[in-house]
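Asks: According to the working numbering, numbering within the sequence shown proceeds without interruption in unit steps and concludes at 1267.
Heads up, the beta-carbon is just placed ideally off N, CA and C, and yes, glycines get one too.
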Amino acid sequence: MKKIMYGLFFGDSITYGEYDGVFGGWVDILKRYALQKFHEGNGDELILFNLGIGGETTEGLLKRIPHELKARNSADGNIVFLSYGANDLAVKDGVQIVDPEKFKNNIKEAVAHARHFSNEIYLVSILPFSQKIDGVVVSSGKKRIKEDVVLYNQILKDIAAEDLLVYIDFYSAFLMDKEILLSTDGIHPNEKGYGMMAEIAIPIIEKYL
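1. At a cut of 8 Å, does the region 1206 to 1225 reach the region 1090 to 1098 through at least three beta carbon pairs?
2. Pro-1186 by DSSP, collapsed to three states: which one?
3. Ordered along the chain, which non-local residues of its own chain (more than five positions away) have a Cβ less than 6 Å from that of Val-1149?
4. Between Ile-1184 and Tyr-1229, is the Cβ-Cβ spacing less than 8 Å?
5. My assumption, with CB atoms under 8 Å, is that Ile-1155 sits in contact with Asn-1145. Please give the rounded CB distance.
6. Please look up how many angstroms separate the CB atoms of Tyr-1266 and Asp-1102, rounded, as I've assumed it's under 8 Å.
7. Is the separation between the beta-carbon of Ile-1260 and that of Leu-1088 shorter than 8 Å?
8. Please name the residue, chosen from Gly-1152, Glu-1114, Ala-1170, His-1174, that lies closest to Gly-1135 on a Cα-to-Cα basis.
9. Taking 8 Å as the cut-off, decide whether the C-beta atoms of Glu-1237 and Asp-1078 are in contact.
10. Go to Gly-1065, then tell me how far its alpha helix (DSSP H) extends in each direction, as first and last residue.
11. Answer with buried or exposed for Asn-1177, where buried requires no fewer than 16 other C-beta atoms within 10 angstroms of its C-beta.
12. By how many angstroms is the C-alpha of Leu-1233 removed from the C-alpha of Ser-1132?
13. Looking only at its own chain, which residues have a Cβ that is under 6 Å from the Cβ of Lys-1061, when we skip the five neighbours before and after it?
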């Protein structure tokens, strides 16, 4: 008997797929891939939910994750992806939106919530941003510093190692070619960047198809 599993992608605008008018972002590419595999009759059904909200931090995640998990709970199992940090580490009006210690605690709390519904939990790295916006206040009023990206990604790696989770390292994949994989705002991927993220993530969801 075929199983129906759910994949829940929590995150910000990069999870949502902002600025990708071609593919709709990396999660939407994965959704289409999983659906295609199901229609080909290649095993279990994996239904993916894009739960990305533009501008969200881990503070917002904690407010909704218990409800989202409860509302989308498959009896056959769930996979949870947490993709946060790009907004947390930003500085606005001279204050870091979510400082490193708070970020660490928030991710750990979110993982604890996810554990009630899943043993398949993935932490997604923060992407590098363009050199042109390093330390620059952008139109949203936010400023980001590349050293903070490294610091917050290390927090995610450490939590993944401690809690036996999988860390998805998009950061390293983007680093060398970031200027051609990011959109003109220097923060969000372009179609090529989102496509590359999906390529990296497809082998992960393959295990559940």
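Replies: Taking the definition as stated:
1. The region 1206 to 1225 vs the region 1090 to 1098: no contact.
2. Here residue 1186 refers to the residue found at position 128 of the sequence shown. Note: Pro-1186 maps to coil in three-state DSSP.
3. Against the sequence shown, residue 1149 aligns to sequence position 91. Lys-1201.
4. If you number the sequence shown from 1, residue 1184 lands on position 126. If you number the sequence shown from 1, residue 1229 lands on position 171. It is a contact, given that the beta carbons lie within the stated cut-off.
5. Here residue 1155 corresponds to residue number 97 of the sequence shown, with the count starting at 1. Here residue 1145 corresponds to residue number 87 of the sequence shown, with the count starting at 1. Contact flag correct, Cβ pair sits at about 6 Å.
6. Within the sequence shown, numbered from 1, the residue matching residue 1266 stands at position 208. Within the sequence shown, numbered from 1, the residue matching residue 1102 stands at position 44. That belief holds up - the Cβ atoms of Tyr-1266 and Asp-1102 are roughly 7 Å apart, short of 8 Å.
7. Walking along the sequence shown from the start, residue 1260 turns up at place 202. Walking along the sequence shown from the start, residue 1088 turns up at place 30. A contact, by the Cβ cut-off of 8 Å.
8. Residue mapping note: residue 1135 aligns to position 77 of the sequence shown, counting from 1. Closest by alpha carbon: His-1174.
9. Your numbering for residue 1237 matches position 179 in the sequence shown. Your numbering for residue 1078 matches position 20 in the sequence shown. A distance of 8 Å or more separates the beta carbons of Glu-1237 and Asp-1078.
10. Looking up residue 1065 in the sequence shown gives position 7. Per DSSP, Gly-1065 belongs to no alpha helix (DSSP H); it is in the beta strand (DSSP E), 1062 to 1069.
11. Here residue 1177 refers to the residue found at position 119 when the sequence shown is read from its first residue. The residue is exposed, with fewer than 16 neighbouring Cβ atoms inside 10 Å.
12. Position 74 of the sequence shown, counted from the first residue, corresponds to residue 1132. Position 175 of the sequence shown, counted from the first residue, corresponds to residue 1233. Straight-line Cα distance between these residues: approximately 36 Å.
13. Along the sequence shown, read from residue 1 onward, the residue named residue 1061 stands at position 3. Answer for Lys-1061: Asp-1102, Asp-1134, listed in chain order.
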